[in-house]
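Below: the structure, in structure tokens.
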Amino acid sequence: MSSDARTVAADPPVVARVSATPAAQALIERLRAEHGPLMFHQSGGCCDGSAPMCFALGEFITGDADVCLGEIAGTPFYMSRSQFAYWEHTHLIIDAVPGNGGMFSLERPTGLRFMTRSRLYEDAEWQALEAQGRP
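Counting in our numbering, the sequence shown runs from 13 upward without gaps.
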């Protein structure tokens, strides 16, 4: 190595805001095979409580009041900006468990439902997220 070589700082790690368990990934693949491309929107309450709702891509219209947190199993995951303000310090983990899904969510007839688990970010993760900026 020449004396001119410079050390280049590595880019900070990209931290995901949402992830899926293997059970959720398997259910997403099953639903994708039946319905085509999918999308999620984290329900903020009302008749289905606060649950991740799965729709055919474009079936749920998002707008300026929504943010895309990322993708799980190649599927975009949205949440309202106002709800994100409360949840921004937590990593969302989407799981699939036995039960009835939301009334309008595609998994309802499968005997499984999507469920959101969460955990607080570790300090290093939060620093990386701050560098990434808000969604």
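Yeah, the Cβ is synthetic: ideal placement off N, Cα and C, and Gly gets one too.
Of the choices Gln139, Arg146, Glu134 and Met127, whose alpha-carbon is the least far from that of Ala36?
Cα-wise, what sits closest to Ala36 is Met127.
So, under 8 angstroms CB-CB, Phe72 and His53 are touching, yes? Tell me the CB distance rounded to an integer number of Å.
The pair is a contact, with the Cβ atoms about 5 angstroms apart (cut-off 8 angstroms).
Nearest-angstrom beta carbon gap, Gly82 and Val30 [assumed within contact, 8 angstroms]:
Confirmed, about 5 angstroms.
Just the C-alpha distance for Trp138 and Thr122, rounded to the nearest angstrom, thanks.
The alpha-carbon atoms of Trp138 and Thr122 are separated by roughly 36 angstroms.
Would you tell me roughly how many angstroms separate the C-alpha atoms of Cys66 and Phe116, rounded to the nearest one?
Whole-angstrom Cα-Cα distance: 8 angstroms.
In three-state DSSP terms, what is His103?
In the three-state reduction of the DSSP assignment, His103 falls in the strand class.
Cross-strand partners of Asp78 (DSSP beta bridge):
Note: Asp78 sits in a beta bridge opposite Ser92.
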